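**Student:** Heads up: the sequence shown at position 4 corresponds to 452 in my numbering, and the numbers run straight through without jumps.
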Amino acid sequence: MTNLHIPSDGSLHNGIISSHDITRTILTDLIKKGGTTEQNSQFACLRRTCRKWKEMVDSLSHLMRPSYLEEAIRRGSTHSVRFLLTLIDPTPGSVGVINMLFSRDVSKRADILQILLEDGRLDPSDMYKNVISRVNWCTEAVELLLRDHRVDPSVKDNHAIRWASSGGYTQLVRLLLSHHQVDPAAGCNEAIRGASIRGHTDIVKLLLSSPRTDPSDANNLAIIRASTEGHIDIVGLLLKDDRVNPSAENNEAIRRASCRGHAEVVELLLKDSRVRSTLCAV
Numbered sequence: 449m450t451n452l453h454i455p456s457d458g459s460l461h462n463g464i465i466s467s468h469d470i471t472r473t474i475l476t477d478l479i480k481k482g483g484t485t486e487q488n489s490q491f492a493c494l495r496r497t498c499r500k501w502k503e504m505v506d507s508l509s510h511l512m513r514p515s516y517l518e519e520a521i522r523r524g525s526t527h528s529v530r531f532l533l534t535l536i537d538p539t540p541g542s543v544g545v546i547n548m549l550f551s552r553d554v555s556k557r558a559d560i561l562q563i564l565l566e567d568g569r570l571d572p573s574d575m576y577k578n579v580i581s582r583v584n585w586c587t588e589a590v591e592l593l594l595r596d597h598r599v600d601p602s603v604k605d606n607h608a609i610r611w612a613s614s615g616g617y618t619q620l621v622r623l624l625l626s627h628h629q630v631d632p633a634a635g636c637n638e639a640i641r642g643a644s645i646r647g648h649t650d651i652v653k654l655l656l657s658s659p660r661t662d663p664s665d666a667n668n669l670a671i672i673r674a675s676t677e678g679h680i681d682i683v684g685l686l687l688k689d690d691r692v693n694p695s696a697e698n699n700e701a702i703r704r705a706s707c708r709g710h711a712e713v714v715e716l717l718l719k720d721s722r723v724r725s726t727l728c729a730v
């Protein structure tokens, strides 16, 4: 027969070993057995047995660990997440909880994110940094986080919009531009330069729609690099902006396009009077 450890911490009823105490000790031992998944299953099973056991098991909240919450998030169980938050402080294991929340297989669980935000103990700024650094970021999750006043999407000199623009994440750029704290001109307008160089036409359109964006910054590097790479649609968009000078740096844009063999870009640039009037031998 298994030897049971009868508690001596004041949890006995009137100092007498009763059936309640023995049952509570058995339940404690059962919950402690196995790994996190087994413990979660045991915990849920014991709570469903009867009302008395449910009350006893719920009184064992000191046995609960953040890993229980991670498992509930992995399973996508909103009911379990809500319940466990009444027993567990998620902050000591916040890194694991946040990583699980935004892992590949649960990244679309915005309903669980909403529960955690309403709970208020986890830092939404940490969640924001985590979610936008992932290729499989979830639009709904970003929207929820950007609505939280504790999140500042302009941190690290507006790294998020610069990274998203260069990476081609159109919807993320759109969401970030809608936030009043985000400055698309940060880093000498690195966002539009990065999008221009990599051929992200829709993002260039979005950035040009913001009055804060200056496509001529860094001595018109956006049109120079777009011409170099042969992105004719982007060159066309940039030429429509009066601030952009296609003849900058002694017609560097048409020179590079010509060297790379981008005949259509050369033809487009030649239609601009500023290029024609200042053109040196190419």
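For each residue, glycine too, the CB sits at the ideal point set by N, CA and C. From a predicted model like this one, the values you see are computed outputs, not experimental measurements.
(1) What separation, rounded to the nearest whole angstrom, lies between the Cα atoms of residue 683 and residue 572?
(2) What residue range does the alpha helix (DSSP H) around residue 654 cover?
(3) Considering only the alpha carbon of each residue, which of 591, 604, 597 lies closest to residue 621?
(4) By the 10 Å Cβ neighbour count, where 16 or more other Cβ atoms means buried, how is residue 606 classified, buried or exposed?
(5) Among 686, 603, 596, which has the Cα closest to the Cα of residue 640?
(6) In whole angstroms, give me the CA-to-CA distance for residue 628 and residue 654.
(7) For residue 667, which residues in the same chain have their Cβ closer than 8 Å to its Cβ, ignoring the five residues on either side in sequence?
(8) Suppose contacts are defined by Cβ-Cβ distances below 8 Å. Is residue 549 in contact with residue 532 by that definition?
(9) Using the beta-carbon count (16 or more within 10 Å), is residue 538 buried or exposed?
(10) Which residues in the same chain have their Cβ closer than 7 Å to the Cβ of residue 723, if we skip the five residues on either side of it in sequence?
(11) Curious, which full-length alpha helix (DSSP H) runs of at least 4 residues does the segment 569–626 contain?
(12) Report, in whole angstroms, the separation of the C-beta atoms of residue 642 and residue 595, which I expect to be a contact under 8 Å.
(13) Would you mind reading off the limits of the alpha helix (DSSP H) that contains residue 681?
(14) Alpha carbon to alpha carbon, how far is residue 660 from residue 568?
(15) Could you spell out where the alpha helix (DSSP H) holding residue 635 opens and where it closes?
(16) Could you spell out the range, first to last residue, of the alpha helix (DSSP H) harbouring residue 671?
(17) Could you tell me the distance, in whole angstroms, from the CA atom of residue 644 to the CA atom of residue 671?
(18) How is the alpha helix (DSSP H) around residue 718 delimited, first residue to last?
(19) Terminal residues of the continuous alpha helix (DSSP H) containing residue 562?
(20) Closest by CA to residue 623, which one among 559, 675, 608?
(21) Which stretch, first to last residue, makes up the alpha helix (DSSP H) that contains residue 698?
(22) Give the straight-line distance between the Cα atoms of residue 565 and residue 543, rounded to the nearest whole angstrom.
(23) Taking the C-alpha atoms as reference points, what is the distance between residue 528 and residue 614?
(24) Just verifying my parser: in three-state terms, what is the DSSP assignment at residue 514?
(25) Does residue 542 come out as helix, strand or coil in the three-state DSSP assignment?
(26) Which value, in whole angstroms, describes the spacing of the CA atoms of residue 658 and residue 715?
**Tutor:** Straight from the coordinates:
(1) 39 Å
(2) 649–656
(3) 591
(4) buried
(5) 686
(6) 15 Å
(7) 696, 697
(8) no
(9) buried
(10) 694, 695, 699, 702, 717
(11) 572–580, 587–595, 603–615, 618–625
(12) Actually they do not touch by this definition, with Cβ atoms about 27 Å apart.
(13) 680–687
(14) 34 Å
(15) 634–645
(16) 665–677
(17) 7 Å
(18) 711–718
(19) 558–567
(20) 608
(21) 696–707
(22) 15 Å
(23) 39 Å
(24) helix
(25) helix
(26) 28 Å
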